[in-house]
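Residue numbers (the numbering used here): 102 to 385. All C-beta atoms, glycine included, are put in the ideal place defined by N, C-alpha and C. Computed from a predicted structure; not experimentally measured. Taking it in order: structure first as structure tokens, then the write-up.
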């Protein structure tokens, strides 16, 4: 099967997922009054989630491609939560209902705990998905070799996806909360994102170099078959997975850090201008 035939086949696209996509977008547009940029951010987030969960891309995991699983984790844990929380108006999560929870009311007070939860879920989600894929397809992934028919196969994939997204959303609160007063100081926010970058880089490096240390037998493109639209070896697949977690993820955090610093500089410049104006008026 060629890649063109695979992606153009309507049976490889989730119609139910597409309906949910439309429903989420319409609900957002009807319930929230937001700017055009926020609307674009929300639509981008849900479209990305649909692409990695309901499009032919998600079905590539059925061929044992660990890199696709890693792509799903990156979108659910890092990309979509940031886009969604930036798209939400202040009252959506800064209200009496959510403020009953300390992590929502004062996320900067619990930022260390929130960071630890996010990092643990990132690592746990990776190893759990790798173990499930190893058991399901009889592959050695990142040094993990699980017997076939393991109890891990009973874990629903949707539970892993949900856990990743919730942890990702929680992890964004101390830095991107709609209420600026509930965010960390810009310098602390940059350090928060920098340490997150280190965590995902270590995981990415681990996956990449574990793949490079595999035997020559695993470097043979065993996935090359008549049905597989993207044939590649186990080693190549895992190297791609590691590089995805290592490079793009860290770039995302770096870009976010630069954005925070720019906003901080602009705010300080505005404050200085106001103070200078007040000083000039008082002199007169």
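Backbone secondary structure at residue i - three-state DSSP
i: residue 242; result: strand
i: residue 272; result: helix
i: residue 347; result: helix
i: residue 227; result: helix
i: residue 305; result: helix
i: residue 336; result: helix
i: residue 285; result: coil
i: residue 160; result: helix
i: residue 166; result: coil
i: residue 134; result: coil
i: residue 248; result: coil
i: residue 326; result: Confidence at residue 326 is low in this model, with a pLDDT of 49, below 50, so its placement is unreliable and the value that follows should be read with caution. Note: residue 326 maps to coil in three-state DSSP.
i: residue 278; result: coil
i: residue 331; result: coil
i: residue 195; result: coil
i: residue 290; result: helix
i: residue 114; result: coil
i: residue 219; result: helix
Through-space distance from residue j to residue i, alpha-carbon basis
i: residue 213; j: residue 107; result: 44 Å
i: residue 365; j: residue 312; result: 41 Å
i: residue 280; j: residue 195; result: 7 Å
i: residue 339; j: residue 367; result: 42 Å
i: residue 165; j: residue 234; result: 7 Å
i: residue 308; j: residue 134; result: 43 Å
i: residue 237; j: residue 136; result: 45 Å
i: residue 111; j: residue 202; result: 43 Å
i: residue 285; j: residue 120; result: 37 Å
i: residue 288; j: residue 150; result: 31 Å
i: residue 257; j: residue 220; result: 21 Å
i: residue 336; j: residue 181; result: 28 Å
i: residue 332; j: residue 241; result: 17 Å
i: residue 178; j: residue 265; result: 5 Å
i: residue 89; j: residue 259; result: Only positions 102 to 385 of the chain appear in this structure, which leaves residue 89 out of reach.
i: residue 224; j: residue 192; result: 32 Å
i: residue 104; j: residue 356; result: 32 Å
i: residue 278; j: residue 268; result: 14 Å
Buried versus exposed, by CB contacts within 10 Å (16 or more), residue i
i: residue 123; result: exposed
i: residue 304; result: buried
i: residue 272; result: buried
i: residue 342; result: buried
i: residue 147; result: buried
i: residue 255; result: exposed
i: residue 222; result: buried
i: residue 226; result: buried
i: residue 211; result: buried
i: residue 292; result: exposed
i: residue 276; result: buried
i: residue 261; result: buried
i: residue 352; result: exposed
i: residue 270; result: buried
i: residue 232; result: buried
Residue span of the alpha helix (DSSP H) that contains residue i, given as start and end
i: residue 255; result: Neither: residue 255 is in no alpha helix (DSSP H) and is coded neither H nor E.
i: residue 182; result: 181-188
i: residue 108; result: 104-109
i: residue 204; result: 203-206
| field | Touch test, the segment 294-305 against the segment 198-212, Cβ-Cβ under 8 Å, three pairs minimum | value | no
| said: Measuring CB atoms only, is the segment 143-161 touching the segment 113-130, in the sense that at least three cross pairs come out at less than 8 Å? | reply: yes
| query | With contact counted as at least three CB pairs below 8 Å, one residue from each stretch, are the segment 353-361 and the segment 240-250 in contact? | reply | no
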